[in-house]
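Visitor:
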Amino acid sequence: MSAQARIGHGTSFQRSGDGTAGGVFASLAGVVAISGPGLSRDAVDVTDMASSGGWREFAGGLKDPGEVSLDLEFDPDGPDVTSLLADIHEDTPGYYKIVFPDATEWGFPAFVTGYEPTAPLDDKMTASVTFKLSGQPAFVA
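Numbering (my numbering), first residue to last: 619 to 759.
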């Protein structure tokens, strides 16, 4: 195992109280997994009749900031439920951050595009939340 490998324990997901990058951030409670952002870029085919050796050629196209998804412990009476359900109705993106244990962070404007609670018979209740990023995320090391 690499000496640089780390576990995610201590990572937090934070929401800006006023929806801006300069707002006061609060950590969501009970987060058990964070995935993303899933950055990607289009590849535009620029092959023409003179392309060398019959190989396709590509140019970099538009970038997509992707999505972030969370799994968290679902507390129907918790303030995070109210905030996230309000966010799903917003027409402008809010601002969120993933803060890693070493204080490195991803900050990004995003819309809540999915909120799905699960209540199993014999296990803790959870919720999955999906965020669609809008624009370039800021990675601060």
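For glycine and all other residues, C-beta sits at the position ideal for the given N, C-alpha and C.
#1: Tell me whether V699 sits in a helix, a strand or coil according to DSSP, three-state version.
#2: Once you ignore the five residues that flank E734 on each side, which residues in its own chain have a CB closer than 7 angstroms to its CB?
#3: For a test of the three-state rule: what should DSSP assign to A721, helix, strand or coil?
#4: Could you pull out every residue in the same chain whose Cβ sits closer than 6 angstroms to the Cβ of G630, ignoring the five residues on either side in sequence?
#5: Using C-beta distances below 7 angstroms, list every residue in its chain close to G654, excluding the 5 sequence neighbours before and after it, in chain order.
Guide: Let me lay it out:
#1: helix
#2: A745 and S746
#3: coil
#4: Strictly speaking, residue 630 in this sequence is Ser, with Gly absent from that position. Result list for S630: S645 and V717, in chain order.
#5: G684, E685, V686 and S687
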